[in-house]
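Position 141 (the sequence shown) corresponds to 1317 in the numbering used here; numbering is contiguous. Glycine included, each C-beta is placed from N, C-alpha and C at the ideal position. From a predicted model like this one, the values you see are computed outputs, not experimental measurements. Read through the structure below, which is laid out as structure tokens, and then see the notes.
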Amino acid sequence: MKIDHHERRVLVTGGSSGLGRAMCLAFAACGAQVAINYRSSGEEAEALVKQIRDDGGTAIAVHADVSNPAAVEVMFEQIDAIWGGIDILVNNAGIDGSRATVWQGRVEEWQNVVDINLNGAYLCARQALRRMIGQQHGVVLNITSVHERIPWGGYSAYAASKAGLSMMAKSMALESAPYGVRVLCLAPGAIQTPINEAVWSDPQGCEDLLQKIPMARIGQPEDVAGVAVFLASDLAAYMTGATIYVDGGMTNYPSFSHGG
């Protein structure tokens, strides 16, 4: 059984590095045309475009701050002009912010996390759904986190934004299902990417992290990318409104593995 995304037009926000990069490569390998969104890493995005094209694929780089409504609108218009529309949106752009308790944190930092993680996903989904509803097909895949379910001390804005994104996706799924459009969430656990290098590169931090993962290993970006291309494919055609966890069992309360 083969996952086939030939002739499908995919936009991956925050696509130039980490999870986004792995998903761009995976979609391209399945035949999709991939638009790689970036905000500040233009060189990385262009290098990824070149890599995909060198491998025989189709890719473009599109710049936009996803928290800016006007910039998001322009980005989708650019994709329209080049490819005539979009079939799959992967809402991947996100940040975790600076660690701080609620009473010590800065309002501006809270707002920045929510603006990118939640509002940015809304703005991109809004544009994508306008196009998908008209064409009567499409998939919006939102990259949330185990922290849509697990609280995270010091990162309340991140956890709140991911939980909010999950419920927003469920509401979008209800609204768009009659039009042949699916909306899903993919929730990674601890994945080895640059965003959390400070943890997995530190022996003590890594040891603590592994105790939270029943499978006793940190996930790789490809672990997430493989599930992403599946969820966006026709093999998952009867799935919508759900969150799929790719977390090595982190959400299964590993501290209870030996009883209560």
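In this structure, Gly1194 lies near Thr1369, with their beta-carbon atoms less than 8 angstroms apart. For Tyr1334, the three-state secondary structure derived from DSSP is helix. In the DSSP assignment, the residues bridged to Asn1213 are Val1238. DSSP, read as helix, strand or coil, puts Asn1295 in helix. Nearest in C-alpha terms to Leu1341, of all of Arg1358, Pro1354, Leu1317 and Ala1205, is Leu1317. Setting aside the 5 residues that flank it on each side, Tyr1298 is surrounded in the same chain by Met1344, each with a C-beta closer than 8 angstroms to its C-beta; the list follows chain order. Ranking Gln1209, Ser1274 and Ile1236 by CA distance to the CA of Glu1220 puts Ile1236 first.
Cβ neighbours of Trp1328 within its own chain (closer than 7 angstroms, five residues either side excluded): Tyr1334 and Ala1335. For the pair Ala1353 and Val1283, the Cα-to-Cα distance works out to about 37 angstroms. Pairing Thr1234 with Tyr1214, the inter-Cα distance amounts to about 17 angstroms. Rounded to whole angstroms, the gap between the alpha carbons of Lys1388 and Gly1314 is 35 angstroms. Taken in chain order, the unbroken stretches of beta strand (DSSP E) that lie wholly in the stretch 1315-1380 and span 3 residues or more are 1357-1364. By the neighbour-count criterion, in which a residue is buried when 16 or more other Cβ atoms sit within 10 angstroms of its Cβ, Ala1392 is exposed. Assigned with DSSP and collapsed to three states, Arg1197 falls in helix. Here DSSP, grouped into helix, strand and coil, assigns Arg1282 to coil. Ser1433 has its alpha-carbon roughly 37 angstroms from the corresponding atom of Leu1265. DSSP links Tyr1421 through a beta bridge to Ala1363.
As the crow flies, the alpha-carbon of Glu1285 is around 14 angstroms from that of Asn1295. Distance between Ser1332 and Lys1346, taken at the CA atoms: about 21 angstroms.
Taking C-beta atoms as the reference points, Val1242 and Val1248 count as a pair closer than 8 angstroms. Here Arg1302 carries a helix assignment [DSSP, helix/strand/coil]. Sixteen is the threshold: since fewer than 16 other Cβ atoms of the shown chains lie within 10 Å of the Cβ of Thr1277, the residue is exposed.
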